[in-house]
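Enquirer: Submitted below is the structure of interest, expressed as structure tokens.
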Amino acid sequence: MKNKTLLTIGISTALFSFASATLAQSYYEAPMTAWGVPNFQGVWKHATVMPFERPRNLGEKQSYTEEEALQLERGVQERFEENNKPLDPNRPPPEVAKSLPPIGNYDLFWRDDAKFIPTIDGEFRTSAIIDPPDGRMPELMSGVRDKMREVRANLPNRNDGPEGRGLGERCLVAFGNLSGPVMSPVIYNSHLQFVQSPGYIAITAEMVHDIRIIKITDERNPAAEVQRKWMGDSIGHWEGNTLVVETKYFNDWHSLRGIPVENTTITETFRREANNKLIYGFTVSDSTIYSAEFSGEYPLSRINEPLYEYACHEGNYGMIGILGGARKLESMGGSE
9 MKNKTLLTIG
19 ISTALFSFAS
29 ATLAQSYYEA
39 PMTAWGVPNF
49 QGVWKHATVM
59 PFERPRNLGE
69 KQSYTEEEAL
79 QLERGVQERF
89 EENNKPLDPN
99 RPPPEVAKSL
109 PPIGNYDLFW
119 RDDAKFIPTI
129 DGEFRTSAII
139 DPPDGRMPEL
149 MSGVRDKMRE
159 VRANLPNRND
169 GPEGRGLGER
179 CLVAFGNLSG
189 PVMSPVIYNS
199 HLQFVQSPGY
209 IAITAEMVHD
219 IRIIKITDER
229 NPAAEVQRKW
239 MGDSIGHWEG
249 NTLVVETKYF
259 NDWHSLRGIP
269 VENTTITETF
279 RREANNKLIY
289 GFTVSDSTIY
299 SAEFSGEYPL
309 SRINEPLYEY
319 ACHEGNYGMI
329 GILGGARKLE
339 SMGGSE
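Numbering of the sequence shown is given in my numbering, commencing with residue 9 and proceeding in unit increments.
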């Protein structure tokens, strides 16, 4: 009964917040820095139950009604409450062939998944992608998947050394794409801290240690094409109260949802919709990979909490154990 009462209170609060936010948007003026541009400084939580791509069954339905959104949120909360119930200490061991529990390989103590859909321009969006109209990534160009398979086939074996493990597992970049390309929320540590100065904006992703440096300029350093950074080279300019950023020249090891980004250009926009809401927009362009451009938006929520260090490998013996186990198998004449 307690959970149901809290859920009802949460739904009522969400309705009130939605109505208040919709009214406030018409009158909102973004706070300005001392040098006269919109102030984005602070910590923003990048979390929503809204998926990157729209479920196919929704077709070109861009937004939910309030009732549909609340029903979706209710389902998410109920699922988490169910998965968070105490386990029976006398339960039998799981079957070997069974997959992990529904909540995954982290329990809810560690996870910080979103349970609500923040609105964008008063809409409960069905997906981050809004163009193409079906809310999905465009088809890949002919031969791209073959090239991707060829690249993967030539990568180091996963257990030969650290270089064979994923970038996030090696703590080189964030798990998922929290810091980009296309900044997207992950299961926990989905916080972004913005720090501004007259000529720069720095965006620090809590997950791992990524820091994007955006230079406010019309000229890009020619060396950026050669000295490729993990999050690419970003230059920005202001169009009214919107920051427009063009990012390209990503490190060749990086990817967007597993797809190469060495020739990708991402145009991003940042605009404040309210004191506690920042809208992040993106347009992905790469004629060598995609049959068309695609665009979308994410809502970021302001929080009054500090950003702590993410000590990715401190006390983490997983990498040593994995590689040590592989060497032991080799010495025994076994296989992976």
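The beta-carbon is built from N, C-alpha and C at its ideal position, and this holds for glycine as well.
Pull up the distance between the alpha-carbon of serine 226 and that of glycine 130, whole angstroms please.
Expert: Per the sequence presented here, residue 226 reads as aspartate, with serine not at that position. Distance between the alpha carbons of aspartate 226 and glycine 130: 33 Å.
Enquirer: Exposed or buried, what is histidine 245 when buried is set at 16 or more other beta-carbons lying within 10 Å of its beta-carbon?
Expert: Histidine 245 is exposed by the Cβ-count criterion.
Enquirer: Look at the alpha carbon of serine 303 and the alpha carbon of glutamate 103, and state the distance between them as a whole number of angstroms.
Expert: Using only the alpha carbons, I get a separation of about 43 Å.
Enquirer: Give me the Cα-Cα distance between glycine 67 and threonine 56, rounded to the nearest whole angstrom.
Expert: Between glycine 67 and threonine 56, the C-alpha separation is close to 20 Å.
Enquirer: Considering only residues of the same chain and omitting the five flanking positions on each side of cysteine 124, which have a CB-CB separation below 6 Å?
Expert: Contrary to the premise, residue 124 reads as phenylalanine rather than cysteine in this sequence. Closer than 6 Å at the Cβ level, and outside the excluded window around phenylalanine 124, lie Glu81.
Enquirer: Look up aspartate 139 in the DSSP assignment and say whether it is helix, strand or coil.
Expert: Strand, per DSSP.
Enquirer: Within 10 angstroms of the Cβ of tyrosine 36, are there 16 or more other Cβ atoms? Answer buried if so, exposed if not.
Expert: Result: exposed.
Enquirer: To test your reading of the DSSP string, which unbroken beta strand (DSSP E) runs of 3 or more residues are found completely within the stretch 251-330?
Expert: The stretch 251-330 contains these whole beta strand (DSSP E) runs: 273-282, 285-293 and 302-311.
Enquirer: Check each candidate in Arg279, Asp168, Ile137 and Pro126 and name the one with the smallest Cα separation from leucine 331.
Expert: When each option's Cα is compared against that of leucine 331, the closest is Asp168.
Enquirer: Tell me which residues share the same chain as leucine 315 and place their Cβ nearer than 8 Å to its Cβ, disregarding the 5 neighbours each side in the sequence.
Expert: Once the five neighbours on either side are set aside, the close Cβ partners of leucine 315 are Val51, His199, Gln201, Thr212 and Glu214.
Enquirer: Please state the DSSP three-state secondary structure of glutamine 49.
Expert: Glutamine 49 falls in the coil class under three-state DSSP.
Enquirer: Does the stretch 82-102 come close enough to the stretch 157-168 to have 3 or more Cβ pairs within less than 8 Å?
Expert: Because the criterion of three Cβ pairs below 8 Å is not met, the stretch 82-102 and the stretch 157-168 do not touch.
Enquirer: To the nearest angstrom, how far is the alpha carbon of tryptophan 43 from that of arginine 166?
Expert: Roughly 50 Å separates the two Cα atoms.
Enquirer: Quick one: grab the DSSP three-state call for serine 25.
Expert: Low local confidence applies: a pLDDT of 45 at serine 25 is under 50, so the model's placement there is unreliable, with the coordinate-based value given in what follows. Serine 25: helix per DSSP, three-state reduction.
Enquirer: Between the beta-carbon of proline 3 and the beta-carbon of proline 126, is there less than 7 Å?
Expert: In the structure as shown, the chain starts at 9 and stops at 344, and residue 3 therefore has no counterpart that could be examined.
Enquirer: For the candidate residues Met58, Phe88, Ile128 and Tyr208, whose alpha-carbon lies nearest to that of threonine 41?
Expert: For threonine 41, the nearest C-alpha among the options comes from Tyr208.
Enquirer: For the pair the stretch 273-290 and the stretch 174-187, tell me if three or more CB-CB distances fall below 8 Å.
Expert: These segments do not touch.
Enquirer: For the putative contact between asparagine 197 and tyrosine 318, defined by C-beta atoms under 8 Å, what is the C-beta separation to the nearest angstrom?
Expert: Correct: roughly 6 Å between the Cβ atoms.
Enquirer: Quick one: Cα of valine 121 to Cα of glycine 143, how far?
Expert: For the sequence presented, residue 121 should be read as aspartate rather than valine. Roughly 22 Å between the two C-alpha positions.
Enquirer: Quick one: which unbroken beta strand (DSSP E) runs of 3-plus residues sit fully inside the stretch 149-222? Chain order, please.
Expert: Here the runs fully enclosed are 199-205 and 208-213.
Enquirer: For isoleucine 328, which of Pro170, Val152 and Arg119 has the nearest alpha-carbon?
Expert: Among Pro170, Val152 and Arg119, the Cα nearest to that of isoleucine 328 is on Pro170.
Enquirer: Applying the criterion that 16 or more other CB atoms from any shown protein chain within 10 Å of the CB defines a buried residue, is lysine 347 buried or exposed?
Expert: Lying outside 9 to 344, the shown extent of the chain, residue 347 is not represented and no answer is given.
Enquirer: Just the C-alpha distance for phenylalanine 183 and valine 190, rounded to the nearest angstrom, thanks.
Expert: Distance between the alpha carbons of phenylalanine 183 and valine 190 is about 13 Å.
Enquirer: Alpha carbon to alpha carbon, how far is glycine 326 from arginine 119?
Expert: Cα to Cα, the separation comes out at about 19 Å.
Enquirer: Can you tell which of Ile224, Val252, Val216 and Leu251 has the C-alpha that lies nearest to the C-alpha of tryptophan 238?
Expert: Checked all of Ile224, Val252, Val216 and Leu251; the closest Cα to tryptophan 238 is Val216.
Enquirer: Please name the residue in Glu75, Asn324 and Gly172 whose C-alpha comes closest to that of tryptophan 261.
Expert: Of Glu75, Asn324 and Gly172, the residue nearest in Cα terms is Gly172.
Enquirer: Looking at arginine 310: is its Cβ nearer than 7 Å to the Cβ of proline 46?
Expert: Going by C-beta atoms, arginine 310 is not nearer than 7 Å to proline 46.
Enquirer: Let me check understanding here. Comparing Cα to Cα, which of Lys223, Leu116 and Ser242 lies closest to serine 205?
Expert: That would be Lys223, whose Cα lies nearest to the Cα of serine 205.
Enquirer: Any idea if lysine 93 is buried or exposed, counting beta-carbon neighbours within 10 angstroms, 16 or more meaning buried?
Expert: The residue is exposed, with fewer than 16 neighbouring Cβ atoms inside 10 Å.
Enquirer: Could you pull out every residue in the same chain whose Cβ sits closer than 6 Å to the Cβ of leucine 286, ignoring the five residues on either side in sequence?
Expert: Closer than 6 Å at the Cβ level, and outside the excluded window around leucine 286, lie Trp52, Arg280 and Leu308.
Enquirer: Reducing DSSP to helix, strand and coil, say where phenylalanine 88 ends up.
Expert: If DSSP states are grouped into helix, strand and coil, phenylalanine 88 belongs with the helices.
Enquirer: Find the nearest neighbour of threonine 255 within the set His321, Gly188, Gln70 and Glu301, judged by alpha-carbon distance.
Expert: It is Gly188 whose Cα lies nearest to the Cα of threonine 255.
Enquirer: What does the alpha-carbon distance come out to for the pair valine 203 and isoleucine 221?
Expert: Cα to Cα, valine 203 sits roughly 10 Å from isoleucine 221.
Enquirer: With distances taken between CB atoms, is the gap from asparagine 259 to arginine 236 smaller than 7 Å?
Expert: Result yes, Cβ atoms of asparagine 259 and arginine 236 sit closer than 7 Å.
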